[in-house]
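All remarks here apply to the structure that follows.
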Amino acid sequence: MPRTSKNYMHSTGKLTRIRPGNVLAVRGEVSIRNHLISGVAWPFKHTIRKVLGDTLYQQVRVTFLGEPNGLGLDWRWGHSLRRVHPIRRDFGWQAGQPIDRYYTEGHFFPAYGTDIHGQVLEIGDNRYTTQFGLDRVTRSEILHLHADSPGSTINGDLTHAPHIPSNSFDCVILTFTLQFIYDVQAALRTVARILKPDGVVLAVVPGISQIARFDMDTWGEYWRFTSLSARMLFEDIFRPEDITVSTYGNVLAATASLQGLISSELRREELDYYDRDYEVVIGIRAVKR
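Just so you know, the numbering used here puts 166 at position 148 of the sequence shown, and the rest follows in order with no gaps.
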């Protein structure tokens with residue numbers, strides 16, 4: 019079984035969050051702290067509220083008391099979420115690490131990094147080939163749709179790429195790629211064809227996410243996935259027992275991601291809390307047999 023984070027148990031059938039006792043302990047500690055702070059501040063409540071104003075007052079309560087009903091999630095963000103425009107529209111790229119990349123780089127690839135070895139094909143660039151493949155990679159290829167794309171070594175459409183030889187790669191990396199391909203099954207058939215026997219495809223797709231406007235206008239953005247749709251798509255090409263689907267996220271992480279907040283603006287325990295009903299990021303590992 020591949021390595022997992024301390025917060026999850028992954029399998030081909032289901033995902034289960036472990037060590038719930040730690041969560042209860044944290045809640046207990048927060049509750050005691052909240053009562054102490056409330057007791058001290060209670061005589062000054064109305065004065066503080068008048069000075070700060072309703073919006074900032076609620077944001078301060080959220081931060082220091084951990085209350086879930088404030089208008090803002092944290093005073094550090096300096097914004098109320100009662101707004102029709104996101105805090106940032108670029109997924110948070112200009113500010114730091116986007117939420118979806120936290121799960122990709124902090125959970126999914128660390129769990130399956132040893133699969134990145136030998137001859138590796140990655141789409142768009144080879145950042146994860148380099149970051150997680152290390153000295154296990156003997157050849158790194160980069161596929162891009164356009165021939166004039168800097169750094170690309172292979173050009174073409176993944177849905178129809180007869181120029182890429184069959185049984186060529188030990189690993190294919192598809193990070194936030196499949197949502198931009200209308201014919202997903204054709205792309206996956208190509209991936210299966212060009213993988214060597216026992217080769218692995220590592221794919222990451224969005225669950226709850228905003229539209230990537232540049233990509234939508236440039237070549238199209240077609241899909242958002244669930245763990246079930248991802249599994250069924252891959253099962254059309256790979257054997258069910260050779261597929262592992264992992265999901266990451268919760269309602270807070272989903273909200274923060276949609277607002278363009280970054281991973282450092284949430285606490286680690288907030289990011290790592292797992293809620294099966296809020297699939298922010300979905301990771302798929304499939305082996306060719």
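For every residue, glycine included, the Cβ atom is placed at its ideal position computed from N, Cα and C. Computed from a predicted structure; not experimentally measured.
How is residue i classed by DSSP in three states: helix, strand or coil?
i, result
"K306", "coil"
"S245", "helix"
"A230", "coil"
"Y266", "strand"
"P116", "strand"
"E297", "coil"
"L161", "strand"
"G151", "helix"
"E140", "strand"
"I134", "coil"
"I66", "helix"
Taking Cβ positions, are residue i and residue j nearer each other than 8 Å?
i, j, result
"F198", "E159", "no"
"V263", "I300", "yes"
"Y120", "S281", "yes"
"F256", "A221", "no"
"A304", "F252", "yes"
"R307", "D260", "yes"
"T265", "E297", "yes"
"L276", "Q228", "yes"
"A271", "I105", "no"
"L161", "I134", "no"
Note down, in chain order, each residue of its chain lying with its Cβ closer than 8 Å to the Cβ of residue i, except the 5 sequence neighbours on either side.
i, result
"A165", "N173"
"I212", "L139, A179, I182, P183, S184, N185, S186, F187 and V190"
For residue i, which residues of its own chain have a beta-carbon under 6 Å away from its beta-carbon, when the five flanking residues on both sides are left out?
i, result
"T177", "D201, A204 and A205"
"G136", "T156 and D188"
"L196", "V202 and V223"
"R154", "H135"
"P128", "none"
"D293", "N268"
Pull up the distance between the alpha-carbon of residue i and that of residue j, whole angstroms please.
i, j, result
"D151", "T273", "Per the sequence shown, the amino acid found at residue 151 is Gly instead of Asp. Between G151 and T273, the C-alpha separation is close to 32 Å."
"S170", "T193", "16 Å"
"W237", "L70", "47 Å"
"L289", "R100", "22 Å"
"R285", "T148", "28 Å"
"V102", "A248", "31 Å"
"M234", "Q112", "20 Å"
"Q115", "Y146", "15 Å"
"W241", "A230", "11 Å"
"T132", "T65", "58 Å"
"H13", "G110", "Look at the range of the chain in this structure, 19 to 307, and you will see that residue 13 is not part of it."
"F62", "Y291", "34 Å"
Using a Cβ-Cβ cut-off of 7 Å (strictly less than) and excluding sequence neighbours within five positions of residue i, which residues of its own chain qualify?
i, result
"R107", "G278"
"D143", "I160 and G169"
"R207", "I255"
"D295", "none"
"S167", "none"
"T122", "T193, V222 and V299"
"D2", "The chain is shown from 19 up to 307; residue 2 falls before or after that span and cannot be answered."
Would you say residue i reaches chain C, if we count a Cβ-Cβ gap shorter than 8 Å as a contact?
i, result
"V69", "Among the chains of the structure shown, chain C does not appear; only one protein chain is present."
Ranges of the alpha helix (DSSP H) found wholly within the stretch 166-246, counting only runs of at least 4: DSSP runs (the alpha helix (DSSP H)) wholly in the stretch 166-246: 202-212 and 231-236.
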